[in-house]
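Accompanying notes for the structure given below.
There are 2 protein chains.
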Amino acid sequence: MRAFRAAVEAHDMDAVEALLADDVVFSSPVVFKPYRGKAVTAAILRAVERVFEDFRYERVIGEADGRDHALLFAARVDDREISGCDFLHLDASGRIAELTVMVRPLSGAQALQAAMAAQFERIAEEAQERQDARAASAD
Amino acid sequence: MRAFRAAVEAHDMDAVEALLADDVVFSSPVVFKPYRGKAVTAAILRAVERVFEDFRYERVIGEADGRDHALLFAARVDDREISGCDFLHLDASGRIAELTVMVRPLSGAQALQAAMAAQFERIAEEAQERQDARAASAD
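Protein chains in written order, with the numbering used here: chain A, 2 to 140; chain B, 2 to 140.
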């Protein structure tokens with residue numbers, strides 16, 4: 002959890018990606034259906050990092066050595082203030098097996114949806130590049 | 002935190018209200034500006050209890066004797082599935098000083114907004130009744 006927080010705060014998205022389990026399940030604040038796998042989750046998190054401004058963690062809930070953590074944050078998307086939370090559920094090896102994000106208020110969630118929609122093509126490209134690279138390295 | 006969870010699960014809204022600090026700050030999933038005070042917060046929570054169907058807590062994060070807790074829940078509003086979280090911050094006497102709720106996905110937050118808007122008059126009436134009762138008892 003500390004490693005995830007430190008990586009996000011350093012805007013080090015490679016380090017964030019390295020903390021994800023291969024079969025991570027990512028539940029977004031906007032879409033009901035979860036995304037599955039490291040490639041698409043990493044691509045989405047890179048887009049989120051581009052979209053959020055003035056991002057800062059404000060409170061952490063969960064035991065330091067536990068498997069579940071809630072990291073409350075504040076940020077802006079365009080001119081909308083957003084409060085949100087990253088929920089991390091770690092697997093036995095300490096990788097992030099489930100990542101769920103919620104945000105409030107409704108105006109902030111709508112601004113986030115619009116900003117993420119504008120990132121759609123780049124997300125799809127980056128997810129594909131990651132999957133191709135992984136398939137190549139598995140050959 | 003256990004008392005709050007038990008009260009919510011028993012649909013005992015008087016017990017929920019008794020756990021709130023007089024100057025509780027309630028941040029809703031829909032509206033940016035927080036609500037302040039026990040009367041309006043209790044009235045809103047009663048409306049939420051009428052609006053959510055099949056409500057169940059699914060995960061609790063936070064140390065049992067700590068001041069901060071995250072209670073993840075699932076529910077339905079009309080035909081929309083909602084995931085959400087109650088964040089409790091307790092004061093030194095164990096009362097709930099801050100209660101923040103977030104929900105996902107966007108379609109669920111929108112359904113919740115519509116359902117809560119339909120409760121507006123009853124919320125305003127119940128909040129007023131509580132304030133009047135408190136003013137009378139303080140005379």
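Yeah, the Cβ is synthetic: ideal placement off N, Cα and C, and Gly gets one too.
By DSSP, does residue i sit in helix, in strand, or in coil?
| i | result |
| --- | --- |
| Met103 (chain B) | strand |
| Ala4 (chain A) | helix |
| Ser94 (chain A) | coil |
| Glu127 (chain B) | helix |
| Glu54 (chain A) | strand |
| Ala22 (chain B) | strand |
| Asp15 (chain A) | helix |
Can you check DSSP and say which residues form a bridge with residue i?
| i | result |
| --- | --- |
| Ser28 (chain A) | A:Thr101 |
| Gly85 (chain A) | A:Phe74 and A:Val104 |
| Arg68 (chain A) | None; Arg68 (chain A) has no bridge partner. |
| Val61 (chain A) | A:Leu72 |
| Arg37 (chain A) | A:Val26 |
Near residue i, which residues of its chain fall below 7 angstroms by C-beta distance, leaving aside the five closest residues on each side in sequence?
| i | result |
| --- | --- |
| Ala44 (chain A) | Ile124, Glu127, Ala128 and Arg131 |
| Arg57 (chain A) | Phe74 and Ala75 |
Checking contacts by CB at 8 angstroms: is residue i closer than that to chain B?
| i | result |
| --- | --- |
| Pro35 (chain A) | no |
| Phe88 (chain A) | yes |
| Gly95 (chain A) | no |
| Arg51 (chain A) | no |
| Glu82 (chain A) | yes |
| Asp1 (chain A) | Any answer about residue 1 (chain A) is impossible in this case: the structure gives chain A only from 2 up to 140. |
| Ala110 (chain A) | yes |
| Leu91 (chain A) | no |
Please go through the same chain and pick out, in chain order, the residues whose beta-carbon is closer than 6 angstroms to the beta-carbon of residue i, but skip the five residues on each side of it.
| i | result |
| --- | --- |
| Arg3 (chain A) | none |
| Cys86 (chain B) | Ala71, Leu73 and Met103 |
Are there 16 or more other CB atoms within 10 angstroms of the CB of residue i, so buried, or fewer, so exposed?
| i | result |
| --- | --- |
| Gly63 (chain B) | buried |
| Ser29 (chain A) | buried |
| Lys39 (chain A) | buried |
| Phe88 (chain B) | buried |
| Ser84 (chain A) | buried |
| Gly109 (chain A) | buried |
| Phe5 (chain A) | buried |
| Phe53 (chain A) | buried |
Step through the CB atoms of chain A and report whether any lies within less than 8 angstroms of the CB of residue i.
| i | result |
| --- | --- |
| Gln114 (chain B) | yes |
| Arg60 (chain B) | yes |
| Ala118 (chain B) | no |
| Arg105 (chain B) | yes |
| Val26 (chain B) | no |
| Val78 (chain B) | no |
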